[in-house]
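Numbered according to the working numbering, the sequence shown spans residues 26 to 115.
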Amino acid sequence: MGSKDVAEMYQRDTKMALKISLAAMLIDDLDRIRENLLLWYLTIIKAFKFQHVITLAYTTMPEIIEPMLTAEEYACIKPILLLNQTVLGN
């Protein structure tokens with residue numbers, strides 16, 4: 026795997042995880058996202074030894090996303106961002 030392949034895979038997987046996380050937030054099902062997607066994704070991250078990259082991405086994601094949203098929008102999305110950060114960022 027070249028660095029381009031890794032970067033593309035990281036971008037694809039991060040977008041997918043964020044989209045699914047947002048869908049889980051909309052239907053108010055954070056337990057399922059944690060038990061299914063996030064733990065599966067964590068297994069993949071560890072298998073490819075991406076933990077340091079993912080930790081950085083998911084610990085900085087809330088502060089990157091917050092300025093893009095209104096206070097009300099951010100209040101809605103904050104719980105899922107923190108859940109992602111807790112599961113994937115540690």
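Positions of the beta carbon are idealized from the N, C-alpha and C atoms, including for glycine.
Check, Outcome
"Could you give the residue range of the alpha helix (DSSP H) that holds K74?", "No alpha helix (DSSP H) contains K74, which DSSP labels as neither H nor E."
"If you draw a straight line from the C-alpha of I102 to the C-alpha of A32, how long is it?", "25 Å"
"Do you know offhand how far H77's Cα is from R57's?", "25 Å"
"My guess is that L108 and R59 are in contact by the Cβ rule of under 8 Å, so how many angstroms apart are they, rounded?", "6 Å"
"Answer with buried or exposed for L63, where buried requires no fewer than 16 other C-beta atoms within 10 angstroms of its C-beta.", "buried"
"Quick one: what does DSSP say I90 is sitting in, helix, strand or coil?", "helix"
"Look at L177 and A49 and say whether their C-beta atoms are less than 8 Å apart.", "The structure shown has nothing for residue 177, since the chain only spans 26 to 115."
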